[in-house]
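Q:
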Amino acid sequence: YGPSYHYIGVILKDEGKLDQASNYLESAVNFRPDNPEYLETLGYLYMDRGKEKSAKACWERMIKIPEEYAGTNVNLKDVRVRLSLIYYHLKMWDECIIQCQEVLKLAPNDISTRNNLATVYYGKGELAKAADECKITLQYDPGNTYARQMLGAMGYR
Numbered sequence: 011y012g013p014s015y016h017y018i019g020v021i022l023k024d025e026g027k028l029d030q031a032s033n034y035l036e037s038a039v040n041f042r043p044d045n046p047e048y049l050e051t052l053g054y055l056y057m058d059r060g061k062e063k064s065a066k067a068c069w070e071r072m073i074k075i076p077e078e079y080a081g082t083n084v085n086l087k088d089v090r091v092r093l094s095l096i097y098y099h100l101k102m103w104d105e106c107i108i109q110c111q112e113v114l115k116l117a118p119n120d121i122s123t124r125n126n127l128a129t130v131y132y133g134k135g136e137l138a139k140a141a142d143e144c145k146i147t148l149q150y151d152p153g154n155t156y157a158r159q160m161l162g163a164m165g166y167r
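Read in order, the letters of the sequence shown are residues 11 to 167 in my numbering.
1. Buried or exposed: where does residue 11 fall if 16 or more other Cβ atoms within 10 Å of its Cβ makes it buried?
2. State the CB to CB distance for the pair residue 116 and residue 86, rounded to an integer number of angstroms; the pair is presumed to be in contact (CB under 8 Å).
3. For residue 46, count neighbouring Cβ atoms within 10 angstroms of its own Cβ and tell me buried if that reaches 16, exposed if not.
4. Determine the extent of the alpha helix (DSSP H) in which residue 21 is found, giving its start and end residues.
5. Kindly indicate which residue of 50, 33 and 127 has the alpha-carbon position closest to the one of residue 84.
6. By the three-class DSSP mapping on this structure, what secondary structure does residue 125 have?
7. When you compare only the Cα positions, how much space is there between residue 57 and residue 132?
8. Between 98, 120 and 29, which lies nearest to residue 63 when the distance is taken from Cα to Cα?
9. Which whole-angstrom value is the C-beta distance of residue 39 and residue 69, which I expect to be below 8 Å?
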């Protein structure tokens with residue numbers, strides 16, 4: 011039964027029994043593969059175990075489920091932030107940009123995500139877009155050192 015597997019898996023994860031937690035959480039997902047809460051939790055467990063690509067697969071499935079079915083127990087913003095970082099580390103620049111943009115739809119003043127987006131644009135050589143993100147960051151946080159340094163590196167003052 012999905013909810014029971016999920017509940018037991020969460021308790022075992024909290025107790026640090028990651029192998030057992032994995033078995034229960036995977037069973038919950040197998041029972042209800044379209045349950046975003048189960049996919050989210052299993053993704054976090056995979057990250058705790060250093061299985062970045064497995065977490066990526068869970069979260070990619072999760073974000074395809076329409077938001078109206080996600081419910082209030084799912085932290086879509088956090089999952090998208092984590093996915094953007096996974097994509098960044100895998101050098102999947104366009105996917106990283108998409109996830110950052112989705113985070114900013116949920117939280118336009120998320121400074122870390124704006125800085126990350128500026129970094130990706132800068133790395134891709136899209137300096138005008140990188141500068142735009144830095145300027146928006148400075149509107150929200152005028153003392154943001156990272157945005158100021160990045161603008162300086164691009165020749166903006």
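Yeah, the Cβ is synthetic: ideal placement off N, Cα and C, and Gly gets one too.
A: Walking through what the data contain:
1. As a first step, residue 11 is located in the sequence shown; it is residue number 1 there, counting from the start. Exposed, because fewer than 16 other Cβ atoms sit within 10 Å of the Cβ of residue 11.
2. Position 106 of the sequence shown, counted from the first residue, corresponds to residue 116. Position 76 of the sequence shown, counted from the first residue, corresponds to residue 86. Yes, they are in contact, since the Cβ atoms of residue 116 and residue 86 sit about 7 Å apart, within 8 Å.
3. Here the question's residue 46 lines up with position 36 in the sequence shown. So residue 46 counts as buried.
4. Position 11 of the sequence shown, counted from the start, is the residue given in the question as residue 21. From DSSP, the alpha helix (DSSP H) with residue 21 extends over 12 to 24.
5. As a position in the sequence shown, residue 84 is number 74, starting the count at 1. Closest option to residue 84, Cα to Cα, is 50.
6. Counting from one through the sequence shown, the residue named residue 125 turns up at place 115. Three-state result, residue 125: helix.
7. Numbered from its first residue, the sequence shown carries residue 57 at position 47. Numbered from its first residue, the sequence shown carries residue 132 at position 122. Spanning the two alpha carbons is a distance of roughly 27 Å.
8. For the purposes of this step, residue 63 is taken as the residue at position 53 of the sequence shown. Closest in alpha carbon position to residue 63, among 98, 120 and 29, is 98.
9. The residue labelled residue 39 in the question sits at position 29 within the sequence shown. The residue labelled residue 69 in the question sits at position 59 within the sequence shown. About 12 Å separates the two Cβ atoms, so there is no contact after all.
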